[in-house]
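Under the numbering used here, the letters of the sequence shown match residues 1313 to 1751, in that order. Every residue, glycine too, gets a C-beta built ideally from N, C-alpha and C. One structure is given below, encoded as structure tokens.
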Amino acid sequence: MIFEDTSLLLFIVLLLITLFTLLLNQNDIIHPATIFSLTMTWSVSLTLVMRSEWQLATSSSATILISAAVVAFVAGAFWCDRILLEKNSQAPQNTITSITISWKVLLCFLSIMGLFIVLSFKETYESALLLGNKNGVAGMIRTVRLATENGLYKSSRWMSYRNIFSSSFTYTCILIFFSNIFQCHESVRKNLKFLVPIIFYLPFIILSGGRMGLLNLTIYILLTGAIIYERSQSFHPKAKQKIIIVSLAAGVSFLCLFLLFGFFTGKVSLHGRSPFSIIAHYGGLSAPALSVYLNSTPLESPYIGLTTLWDIYSKLRVLGLSLPQNITFLKFVQFHGINTNVYTAMRRYIEDYGYIGMYLIMYFLGIIYTAFYRFVEYRSHSLFPIAIYAFIALPLVFSINDEIFLAHILRTSNLYQICLMYIFFKVMVRVQGESSIDG
């Protein structure tokens, strides 16, 4: 499908919006509005670079829609900052003491995670054999992933429980690590043990067959560290400058790990392609794909939330209601030598709630994320709300590809994970209060 390409115009508009949010928020690169507009700008920049090779085109309707959606999000964030919240320029008083656990306790948790790795590996390998894998360990993840994408396989609930346990403990340790070194001014060397669980958690991300877990982990580390650091520095401008540098480094590191994990899971194969073209394949096709969708005269679904409210539909079917299966994987769009099934988050919102509904959702997401962000920045005297915010911040970045706020973030499994993180956090604080053991 050939359109009059407006990719450059879209890039300029999104870049101006991003610069506006940075100026408005005094170079705060981790503000929700900045993250959202910046990642959208990055995605369109990839489209620009590859548009000749892949014959990509972004229609004027897609340019208007994406620009308006980003403006709606930023407007919600702006309204929340300037009207809803009484902005405070002071960080909350630090009442948090350092938390430590003995190596004995840590090794106990790591042993459990190690056992869970073995069980999850065994389940994945045996499932791959049943699905026809003939390439042993090397082909098991690819086999399971393809079957999952085609609706032929779903991992057991125990696989999910093991992942929730491991990620919850890992995320809690990361939170404590940053609190100890930034707010309590302890040495990094003394607290390195809190980063060991990350090594044990990485196999779960690989076994999942995707890389959303890796993106979520990267965002969580960046946001928890940045927010705690900013609070410890009383939001000094130099602190924000350092966070910009660290954020750029984190982005580059993620892209490198993204490629590496892609080879492990079988989702990435060079075959004459450069690493940049692989990244552009995943990050730069959303706007052209959305253009194709909009040109096809999209019809609104007769069922509200069929492509987004997966968890609700699943539970209603369990209760006996006759409802259709949710649409999880979207149709592929073919370009010149490349295809994709990612259309930005806007596509699912339009299909489920119409154009007005899509703009309202974007506006209220801007309010919700900004309100939570300002709360953990200025008003919360507790450490744990930072963990919750960083955990649910994935849609700010992933919206360039797909919708995950309603489809994933609001799932009950994430509620279980937040509760388990809270339990781990409270247990560690209590152990710290009852013991003077210095691991």
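- Under the criterion of beta carbons closer than 8 Å, Y1675 and A1387 qualify as touching, at roughly 6 Å.
- A direct Cα-to-Cα measurement between A1440 and S1432 gives close to 12 Å.
- When the alpha-carbon of A1389 is set against those of G1537, F1348, V1361 and A1459, the nearest one is in F1348.
- Here the alpha carbon of G1521 sits roughly 29 Å from the alpha carbon of Y1681.
- In its chain, beyond the 5 residues on either side, T1318, L1321 and L1322 have a beta carbon closer than 7 Å to the beta carbon of T1375.
- Going by DSSP, H1548 is part of no alpha helix (DSSP H) at all; its letter is neither H nor E.
- Between E1438 and S1468, the gap from beta carbon to beta carbon reaches 8 Å or more.
- Inside the stretch 1634-1719, DSSP marks whole alpha helix (DSSP H) runs of 4 or more residues at positions 1657-1686, 1696-1703 and 1706-1710, from first to last along the chain.
- Along the stretch 1486-1510, the beta strand (DSSP E) does not occur as any fully enclosed run of 3 or more residues.
- In chain order, T1484 and F1696 place their CB closer than 6 Å to the CB of F1737, counting only its own chain and leaving out the 5 sequence neighbours on each side.
- If you look at K1434, you'll find it in the alpha helix (DSSP H) that goes W1415 to L1442.
- Taken through DSSP and simplified to helix, strand or coil, Q1367 comes out as coil.
- Close CB contacts of N1339 within its chain, under the 6 Å cut and outside five residues either way in sequence, are with K1552 (chain order).
- Assigned with DSSP and collapsed to three states, I1341 falls in coil, not helix or strand.
- Of all alpha-carbon atoms in L1635, L1602, S1364 and S1546, the one lying nearest the alpha-carbon of G1649 is that of S1364.
- Under the criterion of beta carbons closer than 8 Å, T1409 and L1487 do not qualify as touching, at roughly 14 Å.
- Closest option to E1715, judged by alpha-carbon separation, among W1622, L1334 and H1593: W1622.
- Taken atom to atom, the span from the alpha-carbon of A1601 to that of E1316 is near 14 Å.
- In the same chain as I1679, and ignoring 5 residues on each side of it, the C-beta atoms closer than 6 Å to its own belong to G1388 and C1392, in chain order.
- Taken through DSSP and simplified to helix, strand or coil, T1482 comes out as helix.
- With 16 or more neighbouring CB atoms inside 10 Å of its own CB, Q1729 falls in the buried class.
- As for any alpha helix (DSSP H) of minimum length 4 sitting wholly inside the stretch 1511-1561, the runs are 1524-1544, ordered along the chain.
- Of the residues assessed, I1616 falls on the exposed side of the cut-off, its CB having fewer than 16 other CB atoms within 10 angstroms.
- The straight-line gap separating the alpha-carbon atoms of L1507 and L1331 is approximately 34 Å.
- Taking a C-beta distance under 8 Å as the contact criterion, A1657 and S1711 qualify as a contact pair.
- For N1607, the enclosing alpha helix (DSSP H) begins and ends at S1598 to N1607.
- The alpha-carbon separation between I1510 and R1585 amounts to approximately 31 Å.
- Put simply, of L1443, R1474, M1471 and S1479 the residue whose alpha carbon is nearest the alpha carbon of Y1465 is L1443.
- Counted as a single uninterrupted DSSP element, the alpha helix (DSSP H) harbouring P1587 occupies residues P1587 to G1595.
- By the beta-carbon neighbour count (other beta carbons within 10 angstroms, threshold 16), W1415 is exposed.
- For the pair S1546 and N1713, the CB atoms are not nearer than the 8 Å cut-off.
- S1410 carries a coil assignment under DSSP once its states are collapsed to helix, strand and coil.
- Setting aside the 5 residues that flank it on each side, T1530 is surrounded in the same chain by A1562 and F1566, each with a C-beta closer than 7 Å to its C-beta; the list follows chain order.
- Residue environment for F1477: buried (at least 16 other C-beta atoms within 10 angstroms of its C-beta).
- Counting of Cβ neighbours within 10 angstroms places I1540 among the buried residues, the total reaching 16 or more.
- With contacts defined by Cβ atoms closer than 8 Å, G1525 and I1533 do not form a contacting pair.
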